[in-house]
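Before any comments, here is the structure.
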Amino acid sequence: MSNQNTFSTDVDTIVGKADAAYRAWSRASRNERASVLRNVADALDSQKEALIATAQAETNLAAARLSGEFFRTTFQLRVFADVIEEGSFLDARIDHQDPDWPMGARPDLRRTNQGVGPVIVYAASNFPFAFSVAGGDTASALAAGASVILKAHAGHPELSRQTAAVIVQALAEAGAPEGLFTLIEGREEGLQVLRDPRIKAGSFTGSIPGGRALFDVANSRDEPIPFFGELGSINPSFVTQAASGIRAVEIADGFRASFTGSSGQICTKPGVLLVPRDSQIIEELRESDFTDGQQMLNDRIHSGYTEVLNELSTHPAVTVLAQGSDPLGNAPSPTLLMTSLDSLIESRDELFKECFGPTALIGAYSNEHELVRFAEAIDGQLTATVLGEEQDSIVPELVDALREKAGRILWNQWPTGVSVTDAQQHGGPYPATTAPSTTSVGTAAIYRFQRPVAFQGFPQGLLPDELVDTPHQDLTRRVNGKLA
Ligand code: NAP
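Written as structure tokens, this is what we have:
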């Protein structure tokens with residue numbers, strides 16, 4: 001595989017081509033766009049083995065995990081192809097001219113969503129397929145009608161080049177405009193692209209400092225642009241008194257599997273578990289067998305992890321509940337820390353922080369009402385989990401508080417594993433994301449890369465297909481206030 005066409009340091013040329021490609025792409029028919037996305041998925045499938053082998057060598061992730069993630073990646077592309085064909089993402093609305101409109105005569109108005117323009121996507125380190133070069137942001141941006149400049153993550157450079165080469169070739173074979181997708185590498189190149197006035201949006205998955213820095217760049221441009229950053233989350237899980245009494249072993253097992261999976265390098269890892277002070281769950285977790293560790297994604301993530309683990313475990317309000325033999329080693333074995341819910345609230349800044357790796361903190365409470373107090377005290381989260389019984393009197397109040405804080409609330413399930421569906425929400429108030437009204441997973445992710453435009457008084461021949469009276473391609477529209 002060659003990467004000749006995918007890497008260049010000439011940012012000006014790359015952005016120029018992405019800009020021209022956007023104009024052609026956003027006006028291509030929906031059928032054409034869907035077929036191009038399917039072509040990319042097929043091309044990736046044809047290179048599956050080689051790509052997974054490179055990913056394994058560069059990320060230390062297990063083959064089974066990478067294989068599942070690979071499937072998710074091509075699934076996403078195909079799902080977005082279906083979304084394009086179905087057409088409701090355009091949210092097409094037609095209001096015919098009406099001299100009797102109650103607020104005064106109205107003109108003929110027709111509104112649709114179009115691609116926002118060329119965008120920059122920052123690949124994540126921890127999902128080298130599904131949140132990287134061919135990941136959800138690329139799929140949703142292309143589906144929306146945007147062109148994509150992809151800033152590779154330095155954690156898997158060869159995989160990024162190989163994946164980009166497959167995409168570029170598949171796009172060319174499908175007749176997509178040149179420059180529709182380009183890979184760039186290097187922090188400075190990423191910044192240059194983000195500052196370029198032709199770029200109209202950015203998206204990102206990674207750390208709070210990194211995402212915040214880039215969000216600030218996007219907003220301090222002469223023309224500020226939307227920046228969809230998915231940053232950090234602790235994903236607290238709340239166990240009620242009743243659930244702890246009935247299902248202690250099940251909850252301990254589920255939690256252990258969820259926080260240690262992929263060596264804890266997952267943005268939805270349940271980082272804090274709140275349990276009653278006398279809960280059997282604590283005893284179950286104390287007996288955990290944490291002998292096996294797994295090498296982490298890269299040195300930067302490993303050193304970030306050990307630094308935060310050191311800070312947490314040396315805090316005066318924290319004790320070690322269970323730990324493997326080599327918690328700080330190259331392949332760190334998991335660690336479970338313990339504190340009280342009161343300390344978690346009092347020392348929130350030091351204790352309630354993302355520890356990106358196989359560590360979690362247990363917060364013991366003495367009164368269930370403290371759960372609501374805690375939920376009200378925390379920052380925005382991607383997820384919050386309630387492990388309870390339906391008749392628990394605390395649950396409605398707790399869920400009400402969590403609705404204000406989290407993008408996804410789970411009932412008796414664990415937050416790792418984020419399905420790609422129409423109803424998925426992967427987002428949340430800051431610092432979980434910089435754009436809480438959007439999602440980065442699921443088909444609703446397409447709306448991030450669109451911009452509405454209304455046409456007033458236009459003749460049929462000058463309107464986009466979805467707004468003419470009899471469109472060539474079927475879709476659901478709101479016509480004079482009614483879905484049609
Ligand atoms: P990161 O450090 O935020 O980097 C992500 C991307 O942003 C990289 O391409 C990086 O470029 C770029 N970047 C970061 N800071 C920048 C700045 N100030 N200016 C310009 N570009 C910048 O994330 P990471 O390397 O993936 O992991 C570091 C930590 O992020 C982890 O330890 C973890 O805490 C967190 N993380 C969170 C999630 C999540 O989903 N919430 C996912 C992954 C990681 P360069 O690589 O070129 O420097």
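So the sequence shown is numbered by full-length UniProt numbering: it starts at 1 and just counts up by one. Positions of the beta carbon are idealized from the N, C-alpha and C atoms, including for glycine.
*In terms of alpha-carbon separation, which member of P128, Y365, V193 and D299 lies closest to R161?*
For R161, the nearest C-alpha among the options comes from P128.
*Please name the residue in A432, I14 and E390 whose C-alpha comes closest to that of K405.*
Of the candidates A432, I14 and E390, the one whose C-alpha sits nearest the C-alpha of K405 is A432.
*Using 7 Å as the cut-off, classify the Cβ of E230 as near or not near the heavy atoms of the ligand NAP, replying yes or no.*
Checking the Cβ of E230 against the ligand NAP gives yes.
*Starting from the C-beta of S343, find all residues in its chain whose C-beta is less than 6 Å away, skip the five residues before and the five after it, and write them out in chain order.*
Closer than 6 Å at the Cβ level, and outside the excluded window around S343, lie A317.
*Run the CB neighbour count on V11, radius 10 Å, all protein chains shown included, and call it buried at 16 or more, exposed below.*
Flag for V11 reads buried.
*asked:* Check whether the region 172-179 and the region 47-54 touch, using three or more Cβ-Cβ pairs below 8 Å as the test.
replied: Verdict: no, contact absent.
*asked:* Please report the straight-line C-alpha distance between A124 and I94, rounded to a whole angstrom.
replied: C-alpha separation (whole angstroms): 39 Å.
*Does any heavy atom of the ligand NAP sit closer than 7 Å to the C-beta of S207?*
Yes; taking the cut-off as 7 Å, the Cβ of S207 has a heavy atom of the ligand NAP nearer than that.
*asked:* Using a Cβ-Cβ cutoff of less than 8 Å, which residues in the same chain neighbour L77 once the five nearest sequence positions on both sides are dropped?
replied: L37, R38, V40, A41, L44, A134 and A139, listed in sequence order.
_In the DSSP assignment, the beta strand (DSSP E) including T306 goes from what residue to what residue?_
T306: not part of any beta strand (DSSP E); member of the alpha helix (DSSP H) spanning D299 to S313, first to last residue.
*asked:* Does S237 come out as helix, strand or coil in the three-state DSSP assignment?
replied: It is a strand residue.
*Please look up how many angstroms separate the CB atoms of G407 and G388, rounded, as I've assumed it's under 8 Å.*
At roughly 20 Å, the Cβ-Cβ gap does not stay under 8 Å, so G407 and G388 are not in contact.
*Does the Cβ of H426 lie closer than 7 Å to at least one heavy atom of the ligand NAP?*
It does not: the Cβ of H426 is nowhere closer than 7 Å to a heavy atom of the ligand NAP.
*Work out the CA separation of L398 and L341 for me, nearest whole Å.*
Cα to Cα, L341 sits roughly 15 Å from L398.
_Cβ contact (3+ pairs, closer than 8 Å) linking the region 375-393 and the region 406-421_ = In this structure the region 375-393 touches the region 406-421; the number of beta carbon pairs closer than 8 Å is three or more.
*Residue environment, P459, which counts as buried when at least 16 other CB atoms sit within 10 Å*: Answer is exposed; the Cβ neighbour count stays below 16.
*Ignore the nearest five residues each way along the sequence and tell me which others in L402's own chain have a CB closer than 6 Å to its CB.*
If we look at L402 and ignore the five residues flanking it on each side, its Cβ neighbours are A375, A384 and I409.
*Beta-carbon spacing of S333, D292 below 8 Å*: Taking 8 Å as the Cβ cut-off, S333 and D292 qualify as a contacting pair.
*At which residue ranges does the region 138-221 contain complete beta strand (DSSP E) runs of 3 or more residues, listed in the order of the chain?*
Runs found: 147-151, 181-184 and 201-205.
*Tell me the DSSP bridge mates of F227?*
Note: F227 is bridge-paired with G202 in the DSSP secondary-structure output.
*Do you know offhand how far A174's Cα is from G229's?*
Take the alpha-carbon of A174 and the one of G229: they are about 31 Å apart.
_Once DSSP output is grouped into helix, strand and coil, what is the label at V79?_
In the structure shown, V79 sits in a helix (DSSP, three-state: H, G or I).
*asked:* Shorter than 7 Å, the distance from the beta carbon of K269 to the closest heavy atom of the ligand NAP, or not?
replied: The answer is no for K269.
*Could you give the uninterrupted runs of the alpha helix (DSSP H) lying entirely in the region 19-53, keeping only those of 4 residues or more?*
Within the region 19-53, complete alpha helix (DSSP H) segments of at least 4 residues are found at 30-46, given in chain order.
*Euclidean distance between Cα positions of A18 and R195*: Cα to Cα, A18 sits roughly 15 Å from R195.
*Is any heavy atom of the ligand NAP found at a distance shorter than 7 Å from the C-beta of A369?*
Looking at the sequence itself, residue 369 is His, so the reference to Ala does not match. Remark: the shortest separation between the CB of H369 and any heavy atom of the ligand NAP does not fall under 7 Å.
_Counterpart residues of R411 in DSSP-defined beta bridges_ = A small correction: the amino acid at residue 411 is Trp; Arg does not occupy that position in the sequence shown. W411 pairs with V386.
*Smallest Cα separation from S312: which of D349, I84 and E287?*
Note on residue identity: the sequence assigns Leu, not Ser, to residue 312. Measuring from the Cα of L312, the nearest candidate turns out to be D349.
_Neighbourhood of V372 by C-beta distance below 8 Å, restricted to the same chain and skipping five residues each side_ = So the qualifying residues of the chain are I394, E397, L398 and A401.
*With a CB to CB cut of under 6 Å and the five nearest residues on each side skipped, what residues in its chain are close to W414?*
Non-local beta-carbon contacts of W414 in its own chain, meaning distances under 6 Å to residues more than five positions away in sequence, involve G254 and S258 in chain order.
_Sufficient close CB pairs (3 or more, under 8 Å) joining the region 59-75 to the region 185-193_ = As far as the Cβ criterion goes, the region 59-75 does not touch the region 185-193, which means the pair count is below three.
*Quick one: is the Cβ of L214 within less than 7 Å of any heavy atom of the ligand NAP?*
Correct: L214 has its Cβ closer than 7 Å to the ligand NAP.
*Cβ of G380 within 7 Å of any heavy atom in the ligand NAP?*
At a threshold of 7 Å, G380 does not count as near the ligand NAP, since its beta carbon sits no closer than that to any of the ligand's heavy atoms.
*Identity of the residue in N113, E354 and K269 nearest L463 by Cα*: Comparing Cα-Cα distances from L463 to each of N113, E354 and K269, the minimum goes to N113.
*How about H156 and E58: are their beta carbons less than 8 Å apart?*
The answer is yes: Cβ separation under 8 Å.
*Roughly how many angstroms separate the alpha carbons of A105 and F352, rounded to a whole number?*
Inter-residue distance for A105 and F352 is about 57 Å (C-alpha atoms, whole angstroms).
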